[in-house]
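A.B. asks:
Residue numbers (the numbering used here): 197 to 342.
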């Protein structure tokens, strides 16, 4: 309860002084995550257009890091990172959280690359959406917005 009172008091003081809140130092990373979520949706939409629904994507397997993984799990993992894991790391900042995001993203890039080479996903629309997703993941913003 005290946290809300302090936040209200701070906001009231800033309003009376005419101040605005400081800009989000991770705005570029947040925008990048939102775009990645949309691009994963585009991959799923392209697959659905070919009658590859979630059940079908669960049956298509790819060997990644010595384990068979299905397409649905890879796309769901990327969505989870962008929706849950990375925002949590940004809200609970420690010394290595940005490094953890970059390292996890490298794994996602590798997994998407393996999907591009998968024979079951050689349709032009799926290939294009996977390539756009991979390119976007490779362009992760360095760290803090300036």
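In this text, a Cβ means the ideal position worked out from N, Cα and C, and glycines have one as well. In this text the structure is predicted, and so the values were computed from the model without any measurement.
Compare the beta carbon distance of residue 232 and residue 333 with 9 Å and say whether it is the shorter of the two.
C.D. replies: It is a contact, given that the beta carbons lie within the stated cut-off.
A.B. asks: Nearest CA to the CA of residue 229: which residue from 296, 328, 245, 274?
C.D. replies: Residue 274 is the option with its Cα nearest to residue 229.
A.B. asks: Thinking just about the alpha-carbon of each residue, which of 284, 272, 199, 258 is nearest to the one in residue 235?
C.D. replies: 272
A.B. asks: Enumerate in chain order the residues of its own chain whose CB-to-CB distance from residue 319 is below 8 Å, with the five nearest sequence positions on each side excluded.
C.D. replies: 242, 246
A.B. asks: Taking DSSP's pairing of strands, which residues face residue 290 in a bridge?
C.D. replies: Residue 290 pairs with nothing; no bridge assigned.
A.B. asks: Runs of 3 residues minimum, wholly inside the stretch 212–264: which ones carry the beta strand (DSSP E) assignment?
C.D. replies: 257–260
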